[in-house]
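Student:
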Amino acid sequence: MDFISQLGANLSGALIIAIGFLFALTIVVFIHEMGHFLVARWCGVTVKAFSIGFGKEIYSFTDRHGTRWRIAWIPVGGYVKFMDDENAASVPSRDALSGLTEEERKGAFQLKPLWQRAAVVAAGPAANFILAILIFAMMFWLFGNRTMEPRVGRVAPDSPAASAGFQAGDLIVAIDGTPVDGFATVQQVVSTSVGRKLAFEVERDGQKLILMVTPALRELNDAIAGKHRRPVIGIEASGETSRIVHRDVGPLEAVWLGTERTWDIAAGTLSYIGDVFTGRQGAEQIGGIVRIADAAGKFAALGVAELILFTAFISVSIGLVNLFPIPLLDGGHLLFYGIEAVRGRPMSEGAQEFSFRIGLALIVMLMVFGFYNDRGILARWFSWFS
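Each number in this note's numbering comes from the position in the sequence shown (counting from 1) with 1363 added on.
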């Protein structure tokens, strides 16, 4: 009976992961591709296919404009395919143009003005950022803005904070001269400042002190991210010493707060990537589709609101990653258009083809690296049924 109960629990966990993953990724991919689609239609581009997923179709239909809308079996992405695309990655096909009539050429993506092509490509990531802003804004509007007072509840022994002289009860007023409005702000600043000395202004017994502390990398283990290294100084908030301030916000302020939250996530991600390249942080937090699925399941288990918030986080990440200047990604296409604007003519077919091959190799390498970092998650999944 214990075996059956455990198997049932494992199956339930797997189902939650699947539901959470499909919910979050399908919404994010749909919004991303819808951004491309709507701006393409606005610019008069003929769209041949709009697909959620890859591979064999589960369901499809063709609308009155000739666009084939499809849902496919492999739910790890999607694409919008234009009339003159060679494939789903929007690699241009020169041969497709030669067989078009004069009327059909009006809908060819490659023949559109440079600004329209750039707008169509940029619309996908932009839609992801807008989705995240709207989700965060909705949460702020419905539930208000909750901030935890930036008061130190505990100082870890032998930590950078202990060495700097932090004490329980200290109220953090500012960091490097910038006012602090909540404990989350402290965590955000510390997490992007590994190896950099920070000046903390704290209030203690009515007096203001300046404490200098340098965040250090420590291995942490939490329910969502698992084992990972992150910059910390060794302080915690406490429910006994830190009060939570709740404030209702209106729709306009909610949108502003949603924009701030989206910006903070994007800036934090870019800061982490910069630290990886400069060697200040390790690359163990870089994960792939396995880590996304695992995190989606954990957030789904917490509740619907948490899963929706996770969808916003993933939307920011996918929008940001797609802007990286890697050929085959949206950012790679925008890089080509920037070169075209400077040179006054497009890159040669040979140069583009070579770039696309380099881009494909980089993407495959990143996927393999992500799977390698996620091997612990895969081992945990397999252990459920071993």
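Ideal placement from N, C-alpha and C gives every residue a C-beta, glycine not left out. Everything numeric in this text was worked out from a predicted model, so none of it was measured.
1. Over what stretch of residues does the beta strand (DSSP E) that includes residue 1412 continue unbroken?
2. Which residue comes first and which comes last in the beta strand (DSSP E) that contains residue 1502?
3. Determine the contact status of residue 1543 and residue 1566, defining contact as a CB-CB distance below 8 angstroms.
4. Can you say whether residue 1582 is buried or exposed, counting buried as having 16 or more other CB atoms within 10 angstroms of its CB?
5. In angstroms with no decimal places, state the Cα-to-Cα distance between residue 1440 and residue 1737.
6. Using the beta-carbon count (16 or more within 10 Å), is residue 1609 buried or exposed?
7. Quick one: what's got a C-beta closer than 6 angstroms to residue 1546's C-beta in the same chain, skipping five residues either side?
8. Which residue from 1675, 1434, 1578 puts its Cα closest to that of residue 1359?
9. Return yes when the Cβ of residue 1695 is within less than 8 angstroms of the Cβ of residue 1722, no when it is not.
10. Would you say the region 1616 to 1625 touches the region 1485 to 1502, given that touching needs at least three Cβ pairs under 8 angstroms?
11. Do residue 1427 and residue 1411 have their CB atoms nearer than 8 angstroms?
12. Secondary structure at residue 1572, three-state DSSP: helix, strand or coil?
13. Taking the alpha helix (DSSP H) that residue 1800 falls in, what are its first and last residues?
14. If we count the other Cβ atoms within 10 Å of its Cβ and call it buried at 16 or more, is residue 1488 buried or exposed?
15. Rounded C-beta distance between residue 1437 and residue 1417? I'm assuming under 8 angstroms.
16. Taking residue 1649 as part of the alpha helix (DSSP H), name the residues at either end of that continuous run.
Tutor: For this structure:
1. In the DSSP assignment, residue 1412 falls within the unbroken beta strand (DSSP E) covering 1410 to 1425.
2. Per DSSP, residue 1502 belongs to no beta strand (DSSP E); it is in the alpha helix (DSSP H), 1477 to 1506.
3. no
4. exposed
5. 19 angstroms
6. exposed
7. 1511, 1513, 1600
8. A question about residue 1359 goes unanswered here, because the residues of the chain that appear run from 1364 up to 1749.
9. It is a contact, given that the beta carbons lie within the stated cut-off.
10. yes
11. no
12. strand
13. Because the chain here runs from 1364 to 1749, residue 1800 falls outside it and cannot be looked at.
14. Buried, because 16 or more other Cβ atoms sit within 10 Å of the Cβ of residue 1488.
15. 4 angstroms
16. Per DSSP, residue 1649 belongs to no alpha helix (DSSP H) and is neither H nor E.
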